[in-house]
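Below you'll find the structure, written out as C-alpha cells, and then a few comments.
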Amino acid sequence: MGFFMDGLDAEAYDRSYKDSQLVKRIISYFRPRLRLMLTVAVLVVLGSLLDAAFPILIARSIDMLQSARAFQIALLLVAFILASGALSWVFNLFRQWFSARAVGDVVLQLRRDTFNAVMSRDMSFFDEFSSGKIVSRVTSDTDKFATVVTLTLNLLSQILLFFLIAGILLVRNWHLALLALSIMPAIVLVALGFRRLARSSTQRSQRSLARVNANVQEVVSGITVAKNFRQEQNMYDEFKKVNEQSYHVNLRAGYLYNGIFPVLIALANIGTTIVIYFGGQDVFSHNISAGDWFLFLQSIGLLWLPLTSIASFWSQFQLGLAASERVFALLDAEPRVRQIDKQPVTHLSGKIDFRDVYFSYDDRQTVLAGFNFTIQAGETVALVGHTGAGKSSLGKLVARFYEFQGGQLLIDGRDIRTFDLHDYHRHLGVVPQVPFLFSGTIADNIRYARPEASDEEVATIAQQIGNGDWLESLPDGLQTLVGEEGKALSMGQRQLVALARVLLQNPSIIILDEATASVDPLTEAQIQEGLDTLLKGRTAIIIAHRLSTIRHADRIIVLDRGRIVEEGSHEALMVQGGHYAQLYNTYFRHQSPDYKPGEGFVPVLIPARNESEGV
Amino acid sequence: MASRQEFTVTGEYVYNRASPTRWIVSHFLRYKRYVLAYMLTAILANILINSFIALLTGAAFDAVSRDDASGRSVLLRITLSLLGVVLVGVLMDLGARLSSEIMGKRIARDARNELYLSLLGKSQTFHNRQRVGDVMARASNDMTSLSDMIVPGFDIIFDSFLSIVVVVTSIAFLNVQLLLAPLLFVVAFLFALRRYSRKLNPVSDAMRAQFGTTNAVLNEAVAGIEVVKATAQEAQEQRKFGENAMRYRDYFVKSGQIQGRYLPTLLVAFALAGAFLHALFLVTQHQISIGTLVAYMGLMTILRYPTYISIWTFSLVQLGTAGAERILKLMKEETELDENESGYRAEMRGAIVFEHVTFSYGNTPVLKDLSFHAEPGQTVAIVGQTGAGKSSLTKLVNRIYDVDAGSVRIDGIDVRDWNLDALRSQISTIEQDIFLFSRSISENIAYGLGQKADEAAIKQAAQDAQAHKFIQGFKDGYETVIGERGVTLSGGQRQRIAIARALLTDPRFLILDDSTSAIDSATEDEIQQAIRRVLQGRTTLLITHRISQIRWADKILFLRKGELIDEGTHDELMARCEAYRRIFSHYEPPTAVQEKVASGPLSKEGVL
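Shown next as C-alpha cells:
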C-alpha cells in the first residue's frame, strides 16, 4: 500500500507524451509477465473479498447469539473467520511474491534498455544532460515506473473493498450507511490538504537543510584557514545561528507530518460516534440488528486508511507517469551521429582529409564553414587558436563524436560515415583534457582498451612512458588503486596513465587535447617524454597548450573562427609576427623557462586585435 | 572532558560520551520537562483513544440490548462522553506527537552544535587525517539517522508498546479470563517479529549496498563516456551494469518473498478468531455480556496497528544508533598538540633550520634525514615528484605535524618550544586549493585581522596583490560576495585574494604552494607580480610548478622519495644534477628572435 504522504519532493516537469501513450507503453513492458500480473490481479480481488468477508461474518455471529440460536453454528462461523483470515494471508503472500518478481524483472529489463540507450548516444547528448540526471533516469525513474503498476493494483484492491463494504452497508440500511459514509469526504479532504501543506514545507526545509550542510562543509574545509587565523569563535557563532534557523524550519515541517495522524484518527472516531448514536437509535427502533450495527462500526475502522491512499492516488500516479516519460524520452532520443554503412576497418595508415566541411553544435554557432585540410599519415599536427576557433571540433569530428552537417571527412580516402564505428574506434586513441580513470588499479586502467592484454604487456608499456620511473613514486606501482575517477593520483600521474592506456591500444590516429592544469616539473618532463614515444609513427591531432608540444610538432595550424590563417613550424611562425606571434604572447609566453612577469614578448606586425572578438 | 582542545567555549553543556546509548540519554535528559510531558500526554492519549472508546462502545451495546426507555438516555450520555473522549484524546495525541517532535529536532540541533565545537577544537593533524567527504557524511547523514531514530522511531515504538499495555490492561479490567488470547498473541508476535527482522535485515542491507554499487558503476560509465566510446568498450560497461542490476533484482525479489511471509498478520487473524471464539463461549455461558464482547473485539482489533508499523521502526533505531556511534567516535578522537601556553614568544627574524628530520605519516615514511637551512628573506623552492614529501616538509614548520626524529628550528628555537599561537601567527600558508569563505571579498582579505582591518589597508593589500583591478570590475566591488550564493572566481583570482590576505597579516614566514594553472600569459603576469611582491622581505618555502619560478629562486631543494638529493642555485644544479636537467630538456635554448627581444627596446607589447 503506497503511503499517502509519499512523493512530495518531486520536481515539476513539462509533459509532452500523452497519458494514454505512456500507459500503453508501460503495459507493453509488463506483457511478457502477463500471466504473473493476471494472477496478482486475481489474488488482489480475492484478497479484498476475504477482507470484506471478515466483518460480515463477525456481524452474523453476533446476530446468531442475539437470536439465541445454537452455539455450534456460531462455531462454524468462527471456523470460517479463521479460514478467511488464513487464506487472506496466503493470498497476500503469493501476491507479494509474484508482484515482486514481475516488478523486479520489468525494472531490470528497463534498466538494461536505458543503459544501452545511454551508451549508444553520441557526445552531444552528454553535453546536454548532466550525468546526475542521466543516472537518476536509469536508476530511480525506472523504479518509479514500476510503481505505476503496483499503485494501480493497490488502488484496485482498495476501491473493490470500499465498494463491497459500502454496498453491503447501503443494502442493510441506506440511511445509516449514508451517515457512516458521511465522514469519508472529510477524511479525504484532510488527507489531501495535509499533502499540499506538507509539500511546500518539505521544499523549504530541504533548502534550509542544504544551507546548514553547506555551512558545515565550509567550516570543515576552512578549518585549516580558521585555525591559521585564529577565527574559531566567529565560526562557531555563525554556525549556531544557521543551525538554529534550520531547527525552526525542520520543526515546522515535522509538526505537519506528525500532526496528520492524530487528526485523521480523530475524524474516524467521530465517524464511529455518529454510527454509535444513530445506529443505536436504529437498533432501538428495530431497523437493524445489533450485528449489523457492529458491522457498521467495523467498516469505518477498515476503510479510513485505504481511503487516504485512494485520495492520494492520482497525484502519485502522475508522478509515476512523469518518471516513465523521462525514461521513454531517453529511449526514444534520436541519435545525431548516423552511419550510413558498417564497413569493417582492419588497418588505417591515418591520412585525414577534410573537404568543405560544415559543422555547428546545436544549430546555434557555426564552427566550421567550408573547411578544407589534409593531414598526412604519421604527421603530428598541433592546433592553436583562441577559444571557439574550432580546435576541439576538429578532433571531435575525426573521433566521430559529433555529426557534421556538410562536406566530407575522409580517412585513408574512405568516407568516415561508412565505417563500422566500433571497429573505427579501435584504431583511434583519444586523450581528453581531463583524463578519466576508472576505479581500480593502474594496471586495470592501462588495459581498459584491450582487457585481454597480459600483465607483461602492461608492464612493458608502462616502462616505455618517460623511462618508467614514474612508477617508482607510486605506493604500489602498477597495482596502486586510483580511487573514484582517479582521485587518489595527482593530475600529472593520471595523464601518464592515460598515455599508457592509449599506447597499449596502439591506434593509428591519436586525438589529444592537452591538459591545461599545471603539473609538477618532474612529472611534466615524464609526460613530455611519454608524448614523444606515443606520437612516433602515428597521425596525431593535438590541441596544444604546452610550449614544448608546439615546438616538437611537425606542423602547427593556427585557427581563427573556423578558418586556417597560418601554418608552419614554430620558428617560422614566430618570425612572421602574425596571429601565431600574438597567440604566443597570450598563451605560451609564460611557459618559457626564462619567463619574467611582463617580459618575453615577441613582436607582432599585424594590427592589435580586440581579444574578446569572436571568442 | 579529559581530552585537550585547541578551542573551547565557556558554558557549554557537557554530555556523557561514554557510549552511544549514554550519549543519547544524556541529550534526552537535557529536556527532562519535554520527556515528562511527552510520556504523560502519550499515555493519556493512548488510554483515551484505544481503551475508552472501545469500552464505551461496549457499554453502548449493552445499553441498546436492554431495550427499554432508560437505554436511550444512556445511549445519549455515552455518545456525549465519546465526543468528549475523542476531543480530549486528539488534543493529548497531538501534544504527544508535538513534544516528541520538539525533542527530536532539538537533540539533532544540539548534536550538530556539539560536533561542530568538537571539530573546531581538534588539531590540524586531525583534520589532515580525515577526508572532508567523510566528516561531511557523518555530519549530515548520521545526524539525520539520529533525528529519525527519535522521531518517528522512539515515538512509534513507545506508542506501540503503550498500546499493547493499555489494551491488555483494559481487557483485564473487562474480564480476566479474556486475557488468554491477547497474551498468547503478544508472546507469539514478539517471537515472530524477531525472526522476521533477523531474516529481512541482512537482505535489506545487501539490497541497499547493491543499489549503491550499481549506481557507482552507472555513474562511472557516464562520467567516463568519452573514454568508453573512444576505446569502443560499451559492451564491457553493459556487461558490468547488467550483472549488478541483476544482483539487485535478486535481492529485491528475495525481500518481497520475506515480506510476504510476514507472520504477525497471520497471527492477528488467528488471535482475532480465537478471541472471538473464546468470547462467544463466555457469552453463551453468561459470564460476559454482548457489550463486553463488542468492547473486547474492539480492543483486540487495535492490536493490528503496532504489528504493521513496528518492523520499519526497528531499522530506524538500528541506523540511528550506528550513526550515533560514528559521530561519537569522531568527537572522541584525541588531538596531540596543545597550545603550549608557556612557550617561547618573540618577533621572528625568519631563519629556519631543518636538522636530520625524519617524519612518517602513519606507517608511511615521508622524509628521511633531511637537513637544510635558509636565511631570513630567502626564497627556497622545493622540487620533487608527487609524494616526494614537499608539502609534508612545509607542514612541519607551523606544526601541523611534528617530526619523528631530528628538529625544526626557527631563529634557533625548536618549533615545539614556541608558543603555538605566537608561532602560527607569524607563519602564513597559501595552499594549493585556496579556501575562501562565502562572504564579501573585503571580509576575506581581512580575515586574519577580524574586525580590526581598515578599508585603506585592505585596498593597499589588494593592489599589491594585483587583485584591485578585477575586484573593481565587479558590480559591488569589494563588497561582492563570493561563493555558492555569489560570484565564482577563477583559480588565479582566488590566489591573488589569498595573497592579499597574507600581505595584510604580514607574516615573517610564508609557505606558498603555487600550483594554479594560468591559461593566459597576461593573468600569469599579474599573478607572478603579486607573488614577487609577497615574497619580498619574507622567508618563503615555495612549492611551484613554474619552472621559471624555480629558476629564479635563491635556493632549490631537490627531493626524491623523501630524501634531499641535491640543493643549490639553478646554475649549480644544472651543472651537476642530471635529474634536474631533465626538467628543462624539452625547452630549447632561446631562439634568435627572443634574444633580440630580450636585449632590445621592445620589451613590452611590441607593436610597431
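Taken in sequence, the protein lines are chains H and Y.
The opening position of the first sequence corresponds to residue -7 in the working numbering, with each subsequent residue numbered one higher.
The opening position of the second sequence corresponds to residue 120 in the working numbering, with each subsequent residue numbered one higher.
Beta carbons are placed, not taken as given, at the ideal position from N, Cα and C, and that holds for glycine.
**Asked** What alpha helix (DSSP H) runs, 4 residues minimum, are completely inside the stretch 557 to 582 of chain H?
**Response** Annotation note: the stretch 557 to 582 of chain H contains the following uninterrupted alpha helix (DSSP H) runs of length 4 or greater, listed N- to C-terminal: 562 to 568, 571 to 575.
**Prompt:** Quick one, are the C-beta atoms of Ala391/H and His417/H less than 9 angstroms apart?
**Reply:** yes
**Request:** Only counting runs of 3 or more residues, tell me where the beta strand (DSSP E) segments fall wholly within the stretch 330 to 358 of chain H, in order along the chain.
**Result:** 344 to 353
**Message:** Need the endpoints of the alpha helix (DSSP H) that Asp229/Y sits in, please.
**Reply:** 188 to 240
**Asked** Under 8 angstroms Cβ-Cβ, which residues of chain H neighbour Arg701/Y?
**Response** Correct list: Leu514, Ala517.
**Message:** Just list the residues that DSSP pairs Thr483/Y with in beta bridges.
**Reply:** Tyr480/Y
**Message:** Going by C-alpha to C-alpha distance, which of Phe580/H, Tyr440/H, Phe430/H, Ile262/H sits closest to Leu201/Y?
**Reply:** The shortest CA-to-CA distance from Leu201/Y to any of Phe580/H, Tyr440/H, Phe430/H, Ile262/H is the one to Ile262/H.
**Prompt:** Where do the N-terminal and C-terminal ends of the alpha helix (DSSP H) with Leu259/H fall, by residue?
**Reply:** 224 to 276
**Asked** Using the C-alpha atoms, what's the distance from Arg203/H back to Gly251/H?
**Response** 26 angstroms
**Request:** Output the distance between the C-alpha atoms of Gln520/H and Thr541/H, rounded to the nearest integer angstrom.
**Result:** Per the coordinates, the alpha-carbon of Gln520/H lies some 8 angstroms from the alpha-carbon of Thr541/H.
**Prompt:** Contact check, Gly342/H vs Thr531/H under 8 angstroms by CB: the rounded distance?
**Reply:** For a cut-off of 8 angstroms, the C-beta gap from Gly342/H to Thr531/H is around 3 angstroms, short enough to register as a contact.
**Message:** Short of 8 angstroms in beta carbon distance, which residues of its chain neighbour Glu466/Y, apart from the five on each side in sequence? Order them along the chain.
**Reply:** Gln545, Arg627
**Item:** In DSSP terms, what Thr433/H is bridged to
**Value:** BP columns for Thr433/H point to Leu473/H.
**Prompt:** Between Phe400/Y and chain H, is there a C-beta pair that is closer than 9 angstroms?
**Reply:** yes
**Message:** Counting C-beta neighbours from all protein chains within 10 Å, is the total for His587/Y 16 or more, i.e. buried, or is it exposed?
**Reply:** buried
**Asked** Looking only at C-alpha atoms, which of His562/H, Gly469/H, Tyr247/H, Thr515/H sits nearest to Ser193/H?
**Response** Tyr247/H
**Request:** Have a look at the DSSP bridge pairing and note the partners of Lys674/Y.
**Result:** Beta-bridge partners assigned by DSSP to Lys674/Y: Val499/Y.
**Residues near Ala459/H in its chain [Cβ-Cβ closer than 8 angstroms; skip 5 each side]** = The residue you asked about is not Ala; residue 459/H is Asn in the sequence shown. Around Asn459/H: Gln518, Glu521.
**Item:** Alpha-carbon to alpha-carbon, Ala470/Y and Val534/Y
**Value:** 12 angstroms
**Prompt:** By DSSP, does Asp521/Y sit in helix, in strand, or in coil?
**Reply:** coil
**Neighbour flag for Ser604/H against chain Y, beta carbons, 9 angstroms** = Unreliable placement is indicated for Ser604/H, whose pLDDT of 45 sits below 50; the coordinate value is still reported in the next sentence. By this cut-off, Ser604/H is not an interface position.
**Asked** Any idea if Ile409/Y is buried or exposed, counting beta-carbon neighbours within 10 angstroms, 16 or more meaning buried?
**Response** buried
**Request:** Give me the Cβ distance between Gly442/Y and Ser264/Y, rounded to the nearest whole Å; I'm assuming they're in contact under 8 angstroms.
**Result:** In this structure Gly442/Y is in contact with Ser264/Y, their Cβ atoms being roughly 4 angstroms apart against a cut-off of 8 angstroms.
**Asked** Can you list, in chain order, the stretches of the beta strand (DSSP E) that have 3 or more residues and sit fully within the stretch 498 to 536 of chain H?
**Response** 501 to 505, 531 to 535
**Asked** When you check each C-beta in the stretch 235 to 259 of chain H against every C-beta of chain Y, which residues fall closer than 8 angstroms?
**Response** Asn235, Glu236, Ser238, Tyr239, Asn242, Leu243, Gly246, Tyr247, Asn250, Gly251, Phe253, Pro254, Val255, Ile257, Ala258
**Message:** Please return the same chain residues whose Cβ sits closer than 7 angstroms to the Cβ of Arg136/Y, not counting the five positions on each side in sequence.
**Reply:** Trp142, Leu447, Met450, Lys451
**Item:** Contacts that Asn577/H makes with chain Y (C-beta to C-beta distance below 7 angstroms)
**Value:** Ser640
**Request:** Drop a sphere of 10 angstroms on the beta-carbon of Asn482/Y, count the other beta-carbons inside from all chains shown, and report buried for 16 or more, exposed for fewer.
**Result:** exposed
**Message:** Counting C-beta neighbours from all protein chains within 10 Å, is the total for Lys594/Y 16 or more, i.e. buried, or is it exposed?
**Reply:** Answer is exposed; the Cβ neighbour count stays below 16.
**Request:** Return helix, strand or coil for Arg464/Y, following the three-state DSSP convention.
**Result:** coil
**Prompt:** Going along chain Y in order, which residues have a C-beta closer than 7 angstroms to the C-beta of Leu322/H?
**Reply:** Correct list: empty, because the minimum Cβ distance to chain Y is about 12 angstroms.
**Request:** Could you tell me if Ala564/H is buried or exposed, where buried requires 16 or more neighbouring beta carbons within 10 angstroms of its beta carbon?
**Result:** exposed
**Item:** Anticipated Cβ contact below 8 angstroms, Thr372/H with Leu527/H, distance rounded
**Value:** 5 angstroms
**Prompt:** Would a check of beta-carbon distances place Gly208/Y closer than 9 angstroms to chain H?
**Reply:** yes
**Request:** Within 10 angstroms of the Cβ of Gln591/Y, are there 16 or more other Cβ atoms? Answer buried if so, exposed if not.
**Result:** exposed
**Item:** Listed by chain order, chain Y residues near Thr131/H by CB distance under 8 angstroms
**Value:** Phe330, Thr333, Asn334, Leu337
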